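The opening position of the sequence shown corresponds to residue 1 in UniProt numbering, with each subsequent residue numbered one higher.
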Amino acid sequence: MRRILVAVDSTEVAREAARVALELGGRVGAQVMLVHVLPASVAEGETADFAAFERACEDYARGLLEELRQHTGHSGPPPHTAVLHGEPAGAICKAAEAEEVDLVIVGTRTRGAIARTLLGSLADELLRSCPKPVMVVPETGRKARVRHEDAKPEASPALALPKPSGAPG
Numbered sequence: 001m002r003r004i005l006v007a008v009d010s011t012e013v014a015r016e017a018a019r020v021a022l023e024l025g026g027r028v029g030a031q032v033m034l035v036h037v038l039p040a041s042v043a044e045g046e047t048a049d050f051a052a053f054e055r056a057c058e059d060y061a062r063g064l065l066e067e068l069r070q071h072t073g074h075s076g077p078p079p080h081t082a083v084l085h086g087e088p089a090g091a092i093c094k095a096a097e098a099e100e101v102d103l104v105i106v107g108t109r110t111r112g113a114i115a116r117t118l119l120g121s122l123a124d125e126l127l128r129s130c131p132k133p134v135m136v137v138p139e140t141g142r143k144a145r146v147r148h149e150d151a152k153p154e155a156s157p158a159l160a161l162p163k164p165s166g167a168p169g
């Protein structure tokens with residue numbers, strides 16, 4: 001495994017996904033790329049002063065990425081960061097292919113079946129459409145369930161990761 005892409009936003013579960021990605025990257029010597037996706041509406045210019053609005057969004061995203069980079073306490077090579085534009089799943093899949101990553105990591109909040117059906121989730125969309133292996137990190141405090149029969153061989157180093165701090169036994 002040479003390259004790992006992790007999708008992040010300002011949620012706690014994104015921090016956990018970044019931590020897992022950096023830990024895994026350190027274990028296997030992989031370069032980690034933290035990405036944040038701005039909605040397509042930002043790129044399409046829904047505001048009167050589009051250039052200033054876009055700069056403000058990108059500044060926020062870069063600040064978030066820098067905060068995550070520092071917050072994780074990662075001691076390996078510094079992760080790359082990128083701000084993408086577009087529909088999140090599509091932008092992440094395109095970046096995963098363009099960057100030739102070996103694994104995409106995304107965090108997810110646990111929702112009930114009805115909410116998931118009505119709202120969908122980025123993790124669900126990536127699992128369905130991403131051509132690269134996808135690892136889903138559940139919110140801290142929820143028990144992670146990995147079904148080995150569903151795991152791709154490239155993900156085997158991820159299956160060996162220790163439980164997140166604070167996770168139930």
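Note that the Cβ used here is the ideal one computed from N, Cα and C, for glycine as well. Keep in mind it's a predicted model, so treat the numbers as computed, not measured.
Residues near residue 64 in its chain [Cβ-Cβ closer than 8 angstroms; skip 5 each side]: For the purposes of this step, residue 64 is identified with residue 64 of the sequence shown, where counting begins at 1. Cβ within range, chain order: 8, 9, 10, 36.
Cβ pair residue 83, residue 5 closer than 8 angstroms: As a working mapping, residue 83 is identified with position 83 in the sequence shown. As a working mapping, residue 5 is identified with position 5 in the sequence shown. Not in contact: residue 83 and residue 5 (Cβ atoms no closer than 8 angstroms).
Proximity winner among 139, 88, 78, 135, relative to residue 26 (alpha-carbon distances): What you label residue 26 is simply residue 26 of the sequence shown in a count that begins at 1. Out of 139, 88, 78, 135, 78 has the C-alpha closest to the C-alpha of residue 26.
CA-to-CA distance, residue 138 to residue 29, given in whole angstroms: Position 29 of the sequence shown, counted from the start, is the residue given in the question as residue 29. Position 138 of the sequence shown, counted from the start, is the residue given in the question as residue 138. Distance between the alpha carbons of residue 29 and residue 138 is about 24 angstroms.
Touch test, the region 119-129 against the region 81-95, Cβ-Cβ under 8 angstroms, three pairs minimum: yes
DSSP beta-bridge partners of residue 77: Position 77 of the sequence shown, counted from the start, is the residue given in the question as residue 77. Answer by DSSP bridge pairing: none, since residue 77 is not bridged.
Straight-line Cα distance separating residue 94 from residue 70: Along the sequence shown, one-based indexing puts residue 70 at 70. Along the sequence shown, one-based indexing puts residue 94 at 94. Using only the alpha carbons, I get a separation of about 26 angstroms.
Identified DSSP bridge partners for residue 33: Translated into the one-based positions of the sequence shown, residue 33 becomes position 33. According to DSSP, which records beta bridges pairwise, residue 33 is partnered with 5, 80.
Identity of the residue in 23, 20, 140, 99 nearest residue 132 by Cα: Within the sequence shown, residue 132 is the residue found at index 132, counting from 1. Comparing Cα positions, the closest option is 99.
Pair within 8 angstroms by beta-carbon distance, residue 17 and residue 106: Counting from one through the sequence shown, the residue named residue 17 turns up at place 17. Counting from one through the sequence shown, the residue named residue 106 turns up at place 106. Yes.
Residue range of the alpha helix (DSSP H) that includes residue 26: Counting from one through the sequence shown, the residue named residue 26 turns up at place 26. Residues 12-28.
Contact check, residue 21 vs residue 32, beta carbons under 8 angstroms: Locating residue 21 in the sequence shown gives position 21, counting from the first residue. Locating residue 32 in the sequence shown gives position 32, counting from the first residue. Yes. Within cutoff.
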